[in-house]
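Residue numbers (the numbering used here), protein chains in the order written: chain E, 85 to 255; chain Y, 55 to 862.
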């Protein structure tokens with residue numbers, strides 16, 4: 085957003101671009117991207133992977149979470165050029181041969197999503213979580229606390245995680 | 055009691071056999087949403103798409119002198135830049151509401167700027183990065199004006215006026231007075247309290263966004279909106295384009311919660327640009343924009359005074375005065391309607407024989423306020439619950455007993471409130487008792503758990519409420535009333551294609567439509583395909599708001615299904631050379647009773663109806679489809695001569711309770727246990743109803759404890775990101791234990807009542823009551839939300855409540 089009263093006198097930014105190579109969901113991509121373009125925008129605009137959603141663009145909501153080289157990261161806080169040489173997985177890469185992951189199945193069966201906007205972020209965070217590290221409900225909630233959801237009250241997300249991880253039933 | 059305007063109660067006209075309704079049916083929406091295949095407005099890709107960005111006022115109150123966009127236009131990649139005068143042919147929003155001051159805003163500012171975030175200019179460039187860069191070069195000249203940042207400021211003598219022509223800052227002012235109320239309150243004993251709920255943001259995870267394209271003489275608009283047809287009509291009026299030349303598509307919506315019911319400036323400006331430029335144009339709101347330009351809600355001051363019976367604590371008369379800070383008021387679909395609902399909700403669901411409720415809406419230099427899930431009811435129940443508890447503390451009676459005095463019994467049904475609200479059914483008392491049964495052992499357990507921690511106090515709170523569902527829109531819009539329509543078409547292969555004016559904003563509406571259609575036609579659910587949110591394909595309807603979907607879907611789908619069924623049976627009977635009466639529907643077709651070999655499928659019937667029409671009986675026309683409208687018989691749109699209205703087609707009810715932990719050293723409040731009971735009549739999909747309750751309760755907890763839209767004294771917003779608008783995470787929200795009762799509404803299709811908003815009504819009420827319960831012997835009474843640690847610590851320091859230590 086731009087505001088009235090801004091006094092900055094911005095010169096036209098020099099359009100500098102870079103060539104990058106990334107492997108996204110198993111496909112090698114060679115791209116020319118603007119240096120300032122966010123990874124989230126390149127995934128969505130240049131690669132058409134619109135399953136990664138942008139909810140705040142300041143790194144709080146977690147909707148844009150993707151996996152870069154085995155780490156869950158916020159793609160709105162990362163320039164695409166920083167992903168040069170990396171392997172990226174997005175929500176489109178979770179199902180294998182059209183078959184949902186156990187977490188995706190659990191989200192469906194336990195109504196762990198409503199509008200679906202935040203869902204990819206939760207699924208990506210969970211895809212790299214080691215269940216043994218999160219024994220209690222409180223620890224699971226702590227794991228999920230980097231992702232905001234406005235629809236579910238988190239209740240059925242936690243239920244789904246516990247189901248996928250073979251934990252005892254929750255009310 | 056009011057009489058039905060259009061005859062007897064709704065009856066589907068056939069035996070409705072619920073095979074899917076009430077059962078566990080997993081959501082069909084998830085097939086796309088779980089794998090990243092959803093289509094939200096920001097995902098729309100069109101050839102030649104360019105992007106718009108808006109320049110917004112940084113001043114809270116100013117007179118716009120000039121906007122110089124020359125440098126913006128020269129910026130490489132910019133296709134267009136304009137302020138108000140550069141976008142001719144856009145009308146002002148019409149003034150349809152006769153009970154308040156006229157606010158006829160122009161989509162782009164044309165003189166006065168009344169809040170930070172007012173759209174001033176727009177630029178279109180190849181992408182948003184360039185459009186935002188270019189707008190940095192805009193030169194705006196404004197004359198700053200004194201700001202009005204609170205109700206007190208707004209009503210002070212010689213206060214600066216936002217709209218000089220009004221002569222005051224009242225957008226609406228409805229005083230109310232009743233001699234009997236005055237008399238009873240003068241006689242006493244009385245209880246009084248002043249309660250304040252803070253400004254909040256509905257804050258869906260997906261911001262707003264609009265894409266528009268003008269091609270082959272038609273305008274197509276994609277918007278993250280709750281009501282596609284209402285948007286189409288609005289665009290038609292403001293741009294003077296015939297409705298038939300406009301198609302509005304609402305794709306997947308990432309939550310709305312009321313914020314997306316309004317008709318925003320960008321939803322008109324982006325289509326204008328698409329026509330002007332002959333290229334598809336997109337605008338996707340960023341989060342900071344959302345926090346200042348999408349509606350806020352709930353900021354209300356409630357002043358309550360009641361006379362009560364000394365022995366029982368029963369309220370005999372109640373006087374209330376509500377003052378709602380509606381921000382600048384410049385929003386289409388006015389933000390005042392929530393205040394009117396809040397006024398009615400102070401006494402809705404309570405047996406209070408006499409009351410007088412005044413309400414006023416005051417404008418200030420803040421973002422306009424508007425609809426947010428609960429729509430006025432959470433504010434009211436929050437205040438009245440504290441008042442009831444206060445009677446208990448004043449009299450020494452049990453809190454629950456004082457509440458019990460006011461609760462409806464089945465024998466009270468239908469209960470006609472003095473406001474005109476006609477509550478025809480419910481489980482009000484049973485719900486309340488059930489919630490207390492769950493609460494009591496939980497309080498005990500928590501007291502034991504924390505008994506050795508000197509700085510921890512445990513408290514509990516509870517309330518019960520009614521929830522107006524499937525309401526009229528006439529009071530809110532002054533234009534649209536409320537009906538909705540669905541259409542069922544049997545395809546040549548026997549599949550059912552269903553469209554509806556009800557849309558989805560993420561609740562699972564498509565699944566609900568499939569369930570209702572499958573059961574109404576007696577077909578497997580896999581045979582049902584659902585399409586919503588497309589104004590070309592769907593019948594005119596009002597969309598998703600007001601917890602209205604279930605009622606209007608059932609009403610319209612059952613009606614359409616009856617016609618389709620009857621015709622299908624006649625065709626099947628002809629094909630089977632049998633009589634209509636001898637056929638039964640099931641197993642994906644029609645069979646002659648008692649002779650399973652005599653069977654034709656829906657595919658057989660569909661083929662004959664639409665393709666092999668030579669096999670139709672002579673007296674039946676080809677085609678097998680029906681569009682039906684549902685318009686509830688008991689819903690009223692205008693107040694009568696006594697000022698009464700039954701503004702909701704059905705009234706759900708609920709009860710909520712919680713246990714909180716308050717740390718007296720830090721002031722931190724933690725919700726340990728939350729119980730919510732809801733009665734929306736028979737449930738279409740219990741899992742979805744549970745989900746609605748969980749989410750709504752969580753939003754209520756968020757408002758009770760965390761979220762707060764704040765401004766500084768100059769009108770600068772201080773809550774413009776998720777860093778400073780604290781939406782709760784999974785760690786702050788407890789397990790939400792949901793129970794259901796299912797009391798059918800006698801006049802509603804299938805006995806249904808709406809669901810969606812009810813969960814938001816209780817949390818501020820019960821959490822505030824619980825914190826007061828935990829701390830009142832320290833002289834603390836909480837009367838303001840959010841209950842932040844600093845507010846609790848300040849209250850503990852004051853310990854100022856005169857009633858504090860005396861009663862338990």
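Where a beta carbon is used, it is the ideal one built from N, C-alpha and C, also for glycine.
All of these numbers come straight from a predicted model, not from anything done at the bench.
In terms of beta-carbon proximity, residue 751(Y) lines the interface with chain E, with at least one pair separated by less than 9 Å. With contacts defined as CB atoms closer than 9 Å, residue 246(Y) and residue 523(Y) fail to qualify as a contacting pair. Residue-level contact by beta carbon fails for residue 119(E) and chain Y, as no gap is shorter than 9 Å. A distance below 9 Å separates the beta carbons of residue 512(Y) and residue 714(Y).
Of the candidates 393(Y), 362(Y), 385(Y) and 369(Y), the residue whose Cα lies closest to the Cα of residue 375(Y) is 393(Y). Residue 777(Y) counts as exposed, since fewer than 16 other beta carbons sit within 10 angstroms of its beta carbon. Here residue 274(Y) carries a strand assignment [DSSP, helix/strand/coil]. Between residue 261(Y) and residue 350(Y) a beta carbon distance of about 15 Å is seen, past the 8 Å cut, so the two are scored as non-contacting.
For a Cβ distance threshold of 7 Å, residue set 783, 784 and 785 of chain Y lies close to residue 229(E), ordered along the chain.
The C-alpha of residue 825(Y) lies about 23 Å from the C-alpha of residue 404(Y). With contact defined as three or more Cβ pairs closer than 8 Å, the segment 806-816 of chain Y and the segment 499-510 of chain Y are not in contact. Burial is judged here by how many other beta carbons sit within 10 angstroms of a residue's own beta carbon; residue 310(Y) has at least 16 and is buried. Under the criterion of beta carbons closer than 8 Å, residue 170(Y) and residue 770(Y) qualify as touching, at roughly 6 Å. Around the CB of residue 293(Y), 16 or more other CB atoms lie within 10 Å, so the residue is classed as buried. The beta carbon of residue 195(E) sits closer than 9 Å to some beta carbon of chain Y. In this structure, the alpha-carbon of residue 775(Y) lies about 6 Å from that of residue 342(Y).
Linking residue 223(E) to residue 102(E) through their CA atoms gives a straight-line distance of about 41 Å. Under a 10 Å Cβ-count criterion, residue 122(Y) is classified as exposed, with fewer than 16 other Cβ atoms of the shown protein chains found around its own Cβ. Contact between residue 387(Y) and residue 280(Y) does not hold, since their C-beta atoms are separated by about 10 Å, which reaches or exceeds 8 Å. Beta-bridge analysis with DSSP links residue 731(Y) to 709(Y) and 793(Y). Nearest CB-CB separation between residue 585(Y) and chain E: not below the 9 Å threshold. Listed along chain Y, the residues sitting closer than 8 Å to residue 232(E) by beta-carbon distance are 259, 776, 781 and 783.
Residue 772(Y) has its alpha-carbon roughly 7 Å from the corresponding atom of residue 766(Y). Under DSSP, residue 337(Y) forms a beta bridge with 264(Y). Inclusion of residue 330(Y) and residue 70(Y) in the CB contact set at 9 Å is not warranted, their separation being larger than that value. Out of 664(Y), 557(Y) and 434(Y), the CA that lies nearest to the CA of residue 248(Y) is found in 434(Y). Here DSSP, grouped into helix, strand and coil, assigns residue 195(Y) to strand. Uninterrupted beta strand (DSSP E) stretches at least 3 residues long and entirely within the segment 333-391 of chain Y occur at 335-338, 354-362 and 369-379, given in chain order.
Membership of residue 171(E) in the beta strand (DSSP E) is indicated by the continuous run 171-173. Around the beta carbon of residue 270(Y), fewer than 16 other beta carbons lie within 10 angstroms, which makes this residue exposed. With contacts defined by Cβ atoms closer than 9 Å, residue 323(Y) and residue 205(Y) do not form a contacting pair. Cβ neighbours of residue 540(Y) within its own chain (closer than 6 Å, five residues either side excluded): 554, 610, 611 and 614. Under the 10 Å beta carbon count, residue 124(Y) is surrounded by fewer than 16 other beta carbons and is classified as exposed. Of all alpha-carbon atoms in 669(Y), 740(Y), 828(Y) and 588(Y), the one lying nearest the alpha-carbon of residue 305(Y) is that of 588(Y). Below the 9 Å Cβ cutoff, chain E contributes no neighbours of residue 726(Y), its closest Cβ being approximately 12 Å away. Here residue 146(E) carries a coil assignment [DSSP, helix/strand/coil].
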